[in-house]
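Working notes for the structure below.
Residue numbers (UniProt numbering), protein chains in the order written: chain E, 1 to 516; chain H, 1 to 516.
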C-alpha cells in the first residue's frame, strides 16, 4: 500500500503529498480496523523458505505467557453468560482469536499458550495467517460468502478451476474426482452411501433397473429396497457422530450410548507394543491376527460388508498405529472379497504425518477406493477414482449445498502455502526432532511417558500418561494447550507451522510438569 | 466513498483535488476488482422501506434477458470440463454469480433469469446483496474465516454476543437455546440424538448412571446401550440424506434406494383437496384420520417412538400443507404420549411463509420441543427450550466444528436486513398478490394449474402441473428459473426481496408458456 502511494506521488507537490499521506493514513486506520494489525503493518508475513531457525511468524512471541488462572476472571464471566444459551460443559478455553498468532492461542484473559492441540487438529497454518487473510479479503471470497450456491444444481462457472487449483491438485494418487461436503461425519456418510450404491449396482448387473419391489420397499425402510448391508470398522476407530458414521465409531461409550445404531461389524485393530523394535515378532503376530479377524467378519457377518473404513492412525480412540504391512494386507483382503476400502483421513490428512496423506506411507499396490477428508482442509468431502462410484442416476448422491465454496477457497490457499513453504517435509523434520526429544524424556521419566509412538509420522506423536487428565491441566499452567485421546493418551497435534524452537518450548514445559 | 473524498478535499487546491481524484479512481478500480461493482458505486444499495413499487435493488434489470439456448455454448463447454472431476448430472445451470443481482441469476452465457427457485429455497436476500457484502468484508468475518474454532471446546469470547445478536434473537417462541450445526441433515440428526438421549434419561430416572451393560453393549451397537427407539416421520416428508435423517425421509425412492435404514414408522400426512373452502368437511376428516394414524403408530410400533419430526409444509415431497388444527392435534398427541415434537423448518423457516417461522401460523398452546433450521439461514442448527434436552454429560452432543461462525455472521446480517426492511410482512403481502394472480390464471387455465395451494403462506405457493418437467424447462426460455417438487408440483421459492413487479413478470411468463 505504501509502495503504491510512493509510486503515484512522484509528480505531486509537497502539500499534495502531505494530503495524500493523510488520506493514506485515514485509509490505513480504516484498514487496521478492518483487518488484524499484521495485514496493515506487513510485520507478520511468513518467511518464504523452510528453516528450522527462522520463524514462520515474525511477530510470534518468544514463548507462552500465563498471567492468570485458566480460566481467569474474564473467561469465567464469559463462560457463565454463554452457558445460558449454549452448552459449555465441553468448553476448554474461551479464546480471543484476534490476539492469537501463529502457534499461540490467546484466551479471554490474554494468557498466551503454545497450541499443540490446534482446534482438535484442525488448524494447519496458524492463527491469523496472512495468506488466509489475503484470500479471506479477496473478491472470490466475497462472492462465495454472499452468493452461496447449491453446487449440484447451480455451480459457478469457475468451479472446475477452483477444484483443480487446489482440492484436486492434492487428490490422493489414483483418485481424480471429488464429492464435496460439510464435515468429517458428512464426508464419511456420503462415502458409505457411495459404497452401498456401488455394491447394489454390482449385484444388480450393469444397466439393470430398479424393480418395483425395490422402489416401493425403500419407501418403507424395508428390504430389498433398503438392504441389509454393512460398513465394517475397527475397535477404537472414530468416524463421526451422525447415525451412519456413529455406527462405525467405536472410540468411547460417551460417543454412542443411547443412540440407535446399525448392526455393523467391528474388527480388532492392532495394539502394538513399544518400542517397536523390541516387539517386532509379537507385533507382526498381532497384526496378522487382526487381519484374520477382518477376513473372518467379512465372510461370516449376517449381511454383506460393502466397505471397510479405517483411519491410518486411530486418533480419537487413543492414537493407535499399525504398520504399512498391515494396511497392505487390509487392501489385499478387501480386493479379494470385493469390499471397498475407505480411508478416513479426516484427522490424519493434510500433512501432519510428514506425508500429505497418511496413507502415502503405505505404498499400496492399488489406491484405496475412497479417501475422506476434513479438519485441516477446513472443508470436507471424499475423493474417488472409479467412475462407477458415481451412482447410476443423478440426485442419488446429492444435497442442497454439497459443501461450501468459501471454505474450499480457504483449503486451496492452505494447499498453496503448504507447497510454497514445503510444510509437509518441514513437518516430517520437526516431527523427527520432537520425537527424539520425547524419546530422551521417556528414558528419564519412563512412568510419565509410556508407549511413545509416532516415530516417522511427522508430528503425529502420542504417549500414554498415568494421570493424563491432570497432566493436560498442568500443561496449561506452564503455557501449553495440549489434548488427549482414548483412555490415557496424550496426543500431539501441532500445526504445520510448528518449528524446532516450538518443540524446545514444548519439551521444556513437559519436563517442568514432570519435575513439579 | 465519494462522500468521504468530498469531505476531505474541501481545503485542497484544484491540482490536489485532481490528484486526489486520480488516487481515488485508482482505489476505485482496485475496489472494483476486489468487489462486485455495486460496492464501489453504491448504486445498488437496497431501499430503506418496504414498498411494492420501489425496487429493493436499484440496479436490477427491468426484466429477464435470454440470449441463447440454456445451456448455451459457453455453459456446455464448462459443463463438459466440470464433469471430468465432479458429477454434473443434477446440474441445472452453470452460473456467473458476479453477474447475478438481486432476484436475477446469470448463467455462464449471460442469460439473466428471474430466479424463483433461489438455490433450492436457500437465498433470502438476493444475489450480491450489499449488506451481506459489507459483513463479508468485515474484520469479524476475516477472523471467523481464518481462525475457525472448535466451538464446543474453544469458543471465541464474543460467541454469546454473536448468538444473541441474531440467531437467538429470532429463536422460536419458548426456545432460548441453540445447538449450531452445518446443514439441514446435520441439524435434524443432532436433534434426533438429543431426543433419544432425553428419552433414555427419562426412562432411567433423573441422576441415574449408565449401567456397565449399557456402556459395553453400546460399543457393540447392541441393546441396551444402543436401544431400539424410533423417530416417526410422515409420508412424503423430507428431512435430509444422511443415515438417520434419510430413515425419516419419505419423499422419493431415488433419495432412499440401496441405503440401509432404521426401521422407523411413517404416518399418513394429510392430502388436502383444493380449493380448501369447497372441501372443508373432507379435509377435516382427512386430517383427523392422519392424526389417528399418528396415535396408532406411537402406541403400536415395535419400539418406543422418541420424537415425531414434521415439516410445516412438506416441501421436497410435493408441497403438501395441513391446517393449524392438524398441527395443534399433533402437538396434543405428542404431549399425551411423552413424545417430543421436532419441527423441521429447514425449508420453511426464515420468513418465506409470511411468518418468520412457519409454525408461528399454528398458535400452539405449548411450543415445539425442538425446531431445526438451515437453508435461508445460510447456516444450520436446532433450537430448544427445555434444559433437560442438554444431555446429561459433556461431549455426548458434540463435534469438532459445531457449525461455522463465518456463516453465523451471514445469518445474523440476514436477520438484521429482514428486520430493517420488514421482509416478513413484505413477503406476506407479495405472496397474497402473487397468489391472487395465480388464482386468476388457474381459472383461465384449469388444466395447467391444479390444486393451487399456499394461500396466506407468503410466497410458499405451489400447484400441480400435468407436464411439470416440460413446463419448468419452457419457463427458462421465457426467462424464469423455477423449481419443482414431488411427482407433479411446481414450487415457488422466490427470495424475501421478491416484489410485486417481479410477481407480474412471473405471472406473465407463466401465461406465455401456457399460451405457447
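Virtual Cβ for every residue (Gly too), placed ideally from N, Cα, C.
- Listed as beta-bridge partners of residue 266 of chain H by DSSP are H:233.
- At a C-beta separation below 8 Å, residue 85 of chain E has these neighbours in chain H: 160, 163, 164, 168, 176, 177 and 178.
- For the region 135-156 of chain H, the set of residues with a beta-carbon nearer than 9 Å to any beta-carbon of chain E comprises 135, 136, 137, 138, 139, 141, 142, 143, 144, 145, 146, 147, 148, 149, 150, 151, 152, 153, 154, 155 and 156, in chain order.
- DSSP, read as helix, strand or coil, puts residue 392 of chain E in coil.
- Straight-line spacing of the CA atoms in residue 467 of chain H and residue 474 of chain H works out to 11 Å.
- In this structure, H:102 is the residue among H:323, H:157, H:102 and H:149 with its C-alpha nearest to the C-alpha of residue 131 of chain H.
- In this structure residue 110 of chain H touches residue 67 of chain H by the C-beta definition: roughly 6 Å separates them, less than 8 Å.
- Interface annotation, residue 243 of chain E: in contact with chain H, CB-CB separation under 9 Å.
- If you look at residue 467 of chain E, you'll find it isn't in any alpha helix (DSSP H); DSSP assigns it neither H nor E.
- Runs of alpha helix (DSSP H) with 4 or more residues, each lying fully within the region 76-135 of chain H, are found at 118-121, listed in chain order.
- Of all residues in the region 213-236 of chain E, the ones placed with a Cβ closer than 7 Å to any Cβ belonging to chain H are 214, 215, 218, 219, 221, 225, 226, 227, 228 and 229, in chain order.
- DSSP places residue 344 of chain E outside any alpha helix (DSSP H); the residue lies instead in the beta strand (DSSP E), whose first and last residues are 340-344.
- Any Cβ of chain H closer than 9 Å to the Cβ of residue 394 of chain E would place that residue at the interface, and such an atom is present.
- Boundaries of the beta strand (DSSP E) harbouring residue 180 of chain H: 177-181, taken from the DSSP string.
- Under the criterion of beta carbons closer than 8 Å, residue 97 of chain H and residue 156 of chain E qualify as touching, at roughly 6 Å.
- Comparing alpha carbon positions, the residue from E:510, E:456 and E:274 closest to residue 361 of chain E is E:456.
- A distance below 9 Å separates the beta carbons of residue 408 of chain H and residue 163 of chain H.
- Buried is the label assigned to residue 464 of chain H, since at least 16 other Cβ atoms lie within 10 Å of its Cβ.
- Within chain H, the residues placing a beta-carbon under 8 Å from that of residue 378 of chain E are 148, ordered along the chain.
- Residue 229 of chain E is positioned such that its CB atom lies no closer than 9 Å to that of residue 265 of chain E.
- In chain order, 152, 153, 394, 395 and 398 make up the part of chain H whose C-beta sits under 8 Å from the C-beta of residue 90 of chain E.
- Under the three-state reduction of DSSP, residue 71 of chain E is assigned to coil, being neither helix nor strand.
- For residue 382 of chain H, the secondary structure class from DSSP, reduced to helix, strand or coil, is strand.
- Fully contained in the region 301-333 of chain E are the following beta strand (DSSP E) runs of length 3 or more, in chain order: 305-310.
- Exclusion of the five residues before and after residue 493 of chain H leaves 117, 118 and 121 as the residues of its chain whose Cβ lies within less than 6 Å of its Cβ.
- At the C-beta level, residue 349 of chain E and residue 373 of chain E come within 9 Å of one another.
- Scanning the region 153-233 of chain H for uninterrupted beta strand (DSSP E) segments of 3 residues or longer gives 177-181, listed from N- to C-terminal end.
- Residue contact with chain H for residue 104 of chain E: absent (no Cβ-Cβ distance below 9 Å to any residue of chain H).
- DSSP, reduced to helix, strand and coil, places residue 451 of chain E within a strand of the structure shown.
- The way I'd put it, the region 314-332 of chain E doesn't touch the region 80-95 of chain E; fewer than three beta-carbon pairs between them come closer than 8 Å.
- Under the DSSP assignment, residue 484 of chain E falls outside any alpha helix (DSSP H), being part of the beta strand (DSSP E) whose first and last residues are 483-485.
- Per DSSP, residue 490 of chain H is not a residue of any alpha helix (DSSP H); the beta strand (DSSP E) it occupies stretches across 489-491.
- A buried status is given to residue 82 of chain H, since no fewer than 16 other beta-carbon atoms sit within 10 Å of its beta-carbon.
- Per the DSSP secondary-structure output, residue 65 of chain H pairs in a beta bridge with H:112.
- In the DSSP secondary-structure assignment, residue 413 of chain H is not bridged to any residue.
- It is roughly 42 Å from the alpha-carbon of residue 214 of chain H to the alpha-carbon of residue 177 of chain E.
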